[in-house]
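Novice:
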Amino acid sequence: MTPKTRAALAAVLFLLFAVLLGIGQWRGHGKTPRAEKLVSPVGDCRQCHAEAWRQWQQSPHARAWSSPEVQAAFQHYGFDRKCQSCHAPQPILVAGLNRPVAFRAEGPDSGVACRSCHLLPDGRGVAARRALPDAPCRPQCEPQLSESRLCGACHEAIYQDWQASRYCKEGKTCRHCHMAVAAGEKDGGSHRWRGSRDPQWVRSSCRMDCRREKENLVVSVTNQGAGHNFPGERHHRVLLVQVIQRNAAGEIVLARQQVIKGVTPFRGESSAEKIKAGETCELQFPVVQPPGTADVQLLYKTFPWVADRDALVVHRTRLKLEE
Ligand code: HEC
Ligand code: HEC
Ligand code: HEC
Ligand code: HEC
Ligand code: HEC
51 MTPKTRAALA AVLFLLFAVL LGIGQWRGHG KTPRAEKLVS PVGDCRQCHA EAWRQWQQSP
111 HARAWSSPEV QAAFQHYGFD RKCQSCHAPQ PILVAGLNRP VAFRAEGPDS GVACRSCHLL
171 PDGRGVAARR ALPDAPCRPQ CEPQLSESRL CGACHEAIYQ DWQASRYCKE GKTCRHCHMA
231 VAAGEKDGGS HRWRGSRDPQ WVRSSCRMDC RREKENLVVS VTNQGAGHNF PGERHHRVLL
291 VQVIQRNAAG EIVLARQQVI KGVTPFRGES SAEKIKAGET CELQFPVVQP PGTADVQLLY
351 KTFPWVADRD ALVVHRTRLK LEE
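Each residue of the sequence shown is one higher than the one before, counting from 51 in our numbering.
#1: Along the chain, where does the beta strand (DSSP E) containing K132 start, and where does it finish?
#2: Which residues count as close to ligand 2 when the rule is a CB under 5 Å from any of its heavy atoms, in chain order?
#3: Can you tell me whether W355 is buried or exposed? The criterion is at least 16 other CB atoms within 10 Å of its CB, across all chains shown.
#4: Kindly identify the DSSP beta-bridge partner or partners of C260.
#5: Based on Cα-Cα distance, which residue from A177, K264, V162 lies nearest to V337?
#6: Measure the alpha-carbon distance for K87 versus R174 and round it to whole angstroms.
#7: Can you give me the Cβ contacts of H278 inside the same chain, cut-off strictly under 7 Å, excluding the 5 residues immediately before and after it?
#8: Does at least one heavy atom of ligand 4 sit under 7 Å from the Cβ of G300?
#9: Looking at C-alpha atoms only, which residue of G146, V271, S166 is the closest neighbour of R154?
#10: Would you say C191 touches ligand 4, meaning its beta carbon is less than 7 Å from a heavy atom?
#11: Leaving out five residues on either side along the sequence, give the residues of the same chain with a beta carbon under 6 Å from the beta carbon of K311.
#12: With distances taken between CB atoms, is the gap from G161 to A181 smaller than 8 Å?
#13: Let me check one thing: in DSSP terms, what residues is I310 bridge-paired to?
#14: As a quick exercise: from W243, V293, A152, C227, pick the residue whose alpha carbon is nearest that of M258.
#15: Rounded to a whole number of angstroms, what is the C-alpha to C-alpha distance between S246 and P158?
#16: By how many angstroms is the C-alpha of A344 removed from the C-alpha of W115?
#17: Helix, strand or coil, according to DSSP, for R104 in the structure here?
#18: Residues in its own chain within less than 6 Å of H168 by CB, not counting five upstream and five downstream?
#19: Go ahead and pull the three-state DSSP assignment for E332.
#20: What are the complete alpha helix (DSSP H) segments, minimum 4 residues, inside the region 174-250?
#21: So what does DSSP say about R284, is it helix, strand or coil?
#22: On the three-state DSSP scale, how would you describe A163?
#23: Along the chain, where does the beta strand (DSSP E) that runs through L390 open and close?
#24: When the distance is taken between beta carbons, is V346 closer than 8 Å to V252?
#25: Taking the alpha-carbon positions, what's the L267 to Q250 distance?
#26: Determine the contact status of C187 and R179, defining contact as a CB-CB distance below 8 Å.
#27: Per DSSP, which residues does R154 bridge with? Please list them.
#28: Verify the contact flag: D248, CB atom, against every heavy atom of ligand 1, threshold strictly below 7 Å.
#29: Closer than 6 Å by C-beta to C201: which residues in its own chain qualify, once you throw out the five before and the five after it? Chain order, please.
#30: According to the Cβ coordinates, are R287 and T330 closer than 8 Å?
#31: Closest to N273 by CA distance: which of C227, S255, P150 is it?
#32: Counting C-beta neighbours from all protein chains within 10 Å, is the total for L170 16 or more, i.e. buried, or is it exposed?
#33: Alpha carbon to alpha carbon, how far is I302 from R296?
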């Protein structure tokens, strides 16, 4: 090869390279970036939304994959992908809320994370209540974000309970209760999602009233605070009433408990055991050797193997039993 042909070849190669570069740039320009790529150049959501992140980190959604209980259950089911899908989901608005939730293989440890609920399809940005074109994550107004249906994509049973309740008719969605902002928190929806592990929250779900009816002590429990059945959708929640009666001498004359919602092995869950939103469940106990006193307790357990002394005392009261 003479120096002349070598120079000509180099020039041709350079031209070809320049043309290809040009075409590449031209194509890249017109195309919208992919949804996954959109937010990654500005890093994760944490650096700019520290408060939402901090709340989420303490929430059950952050533990949806890593919780030891969940991992133990996965082992039992042979690490089935379908089973794991809601615990480490692909962004649910990308697939569409009417499609089954798909499993996300990258970073399953972060469970139900920011992108799971916020990422929009076609690189449009993140789902928000209003459009903010100048923000780096490009928030778009997406009404589906604030609907109960978003939660219902994973919380199937409780979503159906809610639909049957008066809260649905009144337009009071999951978010109105579960993302309500507590005093001192920034406006815009709490990302803590309090539920069965928060004593105050469980207490707010119901009221307990006791009254004497001749030979009986009637205990009634009213679901006045939950927007769905109480206990909620998990099979293994337990709710029971304990009564201890003493006579005038202070001796125990009756120690009895009745289960409102229990767990029976090898049997499907019965929704009849749960107290529907706004409804009341009544239990009767005999009145033994009055006069005396009755101590009544409503106990709640997240798992059936929790001992009575470790159960959450939802409500307790002492009654005088006249002769
Ligand atoms: C580089 C910083 C940055 C990153 C990273 C970022 N955002 Fe934003 N985001 C902003 C700014 C700034 C706003 C506008 C805030 C405002 O005006 O209240 C905003 C607004 C929002 C809003 C609307 C808030 C409102 O007031 O209506 C949502 C929702 C949101 N971001 C979600 C996300 C999510 C989810 C991620 C991660 C996938 C993310 N953001 C990543 C900076 C960022
Ligand atoms: C359709 C979505 C979905 C699928 C599929 C799913 N889960 Fe869940 N799982 C949930 C939701 C939602 C909760 C939270 C419900 C609650 O705590 O009331 C949950 C909670 C749990 C918990 C925690 C219970 C507790 O006491 O807090 C375990 C353990 C669990 N799931 C295991 C599994 C196993 C094992 C499978 C597969 C057989 C599975 N899940 C499939 C949505 C799903
Ligand atoms: C389970 C779904 C879900 C997850 C997970 C989630 N969000 Fe949200 N987020 C929502 C909903 C629903 C709203 C709207 C609340 C409303 O309508 O008031 C919201 C609102 C917001 C807002 C707007 C608040 C405002 O000031 O108006 C920001 C910012 C935000 N989320 C950021 C995040 C970040 C950051 C993460 C991860 C750490 C995250 N979200 C995880 C469902 C979710
Ligand atoms: C009127 C307020 C209210 C509304 C509306 C509401 N909830 Fe609840 N929710 C509660 C209260 C109070 C509890 C605590 C009692 C309990 O643990 O069952 C609770 C408990 C839960 C639990 C935990 C149940 C368990 O046993 O693990 C989940 C999950 C839940 N709600 C999801 C939802 C979803 C999803 C929606 C919308 C479809 C919704 N909630 C609507 C008040 C509400
Ligand atoms: C992508 C699936 C998914 C979506 C969407 C989702 N959740 Fe969850 N949620 C879960 C899973 C899985 C858990 C169980 C975490 C655990 O217990 O380990 C959970 C737990 C909860 C709990 C605590 C349950 C308990 O045992 O106390 C509440 C409350 C809750 N979610 C409310 C909501 C609300 C409200 C929305 C809608 C804004 C929502 N979730 C959207 C999957 C989801």
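All C-beta atoms in this analysis are idealised placements derived from N, C-alpha and C, irrespective of residue type, glycine included.
Specialist: Straight from the coordinates:
#1: Along the sequence shown, one-based indexing puts residue 132 at 82. Element bounds for K132: not the beta strand (DSSP E) but the alpha helix (DSSP H), 131-134.
#2: E119, V120, A123, Y127, C133, C136, C204, H205, G282, E283, R284
#3: By 1-based counting over the sequence shown, the position of residue 355 is 305. Exposed.
#4: Counting from 1 along the sequence shown, the entry for residue 260 is found at position 210. Answer is V269.
#5: Locating residue 337 in the sequence shown gives position 287, where the first residue counts as 1. Looking at the Cα atoms, K264 is the closest of the given residues.
#6: The sequence position of residue 87 within the sequence shown is 37, counting from 1. The sequence position of residue 174 within the sequence shown is 124, counting from 1. Residue confidence is low: K87 scores 47 on pLDDT, short of 50, so the model does not pin down where it sits. Its coordinate-derived value is still stated next. Roughly 11 Å between the two C-alpha positions.
#7: The sequence position of residue 278 within the sequence shown is 228, counting from 1. Hits under 7 Å: I208, D211, W212, S215, A327.
#8: Position 250 of the sequence shown, counted from the start, is the residue given in the question as residue 300. G300: no, Cβ never under 7 Å from ligand 4.
#9: On the sequence shown, position 104 is the one that residue 154 refers to. Comparing Cα-Cα distances from R154 to each of G146, V271, S166, the minimum goes to S166.
#10: On the sequence shown, residue 191 is found 141 positions in, with the first residue counted as 1. Answer for C191: no, Cβ out of range of ligand 4.
#11: By 1-based counting over the sequence shown, the position of residue 311 is 261. Here the set comprises P281, L289, E323, K324.
#12: By 1-based counting over the sequence shown, the position of residue 161 is 111. By 1-based counting over the sequence shown, the position of residue 181 is 131. Against a cut-off of 8 Å, the Cβ pair of A181 and G161 comes out as no contact.
#13: On the sequence shown, position 260 is the one that residue 310 refers to. Paired residue(s): none; I310 is not in a bridge.
#14: In the sequence shown, counting from the first residue as 1, residue 258 sits at position 208. The candidate whose alpha carbon is nearest that of M258 is V293.
#15: The count along the sequence shown starts at 1 and reaches residue 246 at position 196. The count along the sequence shown starts at 1 and reaches residue 158 at position 108. Whole-angstrom Cα-Cα distance: 23 Å.
#16: Taking the first residue of the sequence shown as 1, we reach residue 115 at position 65. Taking the first residue of the sequence shown as 1, we reach residue 344 at position 294. Cα-Cα distance, rounded: 44 Å.
#17: Within the sequence shown, numbered from 1, the residue matching residue 104 stands at position 54. Looking at R104 - three-state DSSP - the assignment turns out to be helix.
#18: Mapped onto the sequence shown, residue 168 falls at position 118. Cβ contact annotation for H168 (same chain, cutoff 6 Å, sequence separation greater than five): V176, A177, in chain order.
#19: Here residue 332 corresponds to residue number 282 of the sequence shown, with the count starting at 1. DSSP places E332 in strand when its eight states are reduced to three.
#20: 198-202, 206-213, 216-219, 224-228
#21: Counting from 1 along the sequence shown, the entry for residue 284 is found at position 234. Three-state result, R284: coil.
#22: Residue mapping note: residue 163 aligns to position 113 of the sequence shown, counting from 1. Of the three classes helix, strand and coil, the one that applies to A163 here is coil, per DSSP.
#23: This structure cannot settle anything about residue 390, because the visible part of the chain is limited to 51 through 373.
#24: Counted from its first residue, the sequence shown places residue 252 at position 202. Counted from its first residue, the sequence shown places residue 346 at position 296. No.
#25: Here the question's residue 267 lines up with position 217 in the sequence shown. Here the question's residue 250 lines up with position 200 in the sequence shown. Their Cα atoms are separated by approximately 27 Å.
#26: Stepping through the sequence shown from its first residue, residue 187 is reached at position 137. Stepping through the sequence shown from its first residue, residue 179 is reached at position 129. C187 is not a Cβ neighbour of R179, given a cutoff of 8 Å.
#27: Locating residue 154 in the sequence shown gives position 104, counting from the first residue. According to DSSP, which records beta bridges pairwise, R154 is partnered with nothing at all.
#28: Start at 1 with the first residue of the sequence shown, and residue 248 comes out as number 198. Every heavy atom of ligand 1 is 7 Å or more from the Cβ of D248, so no.
#29: As a working note, residue 201 is residue 151 in the sequence shown. Closer than 6 Å at the Cβ level, and outside the excluded window around C201, lie C224.
#30: Looking up residue 287 in the sequence shown gives position 237. Looking up residue 330 in the sequence shown gives position 280. Cβ distance not < 8 Å, so R287 and T330 don't count as in contact.
#31: Counting from 1 along the sequence shown, the entry for residue 273 is found at position 223. With distances taken between Cα atoms, N273 lies closest to S255.
#32: Start at 1 with the first residue of the sequence shown, and residue 170 comes out as number 120. That one is buried.
#33: Position 252 of the sequence shown, counting from 1, holds the residue named residue 302. Position 246 of the sequence shown, counting from 1, holds the residue named residue 296. Their backbone Cα atoms lie some 4 Å apart in a straight line.
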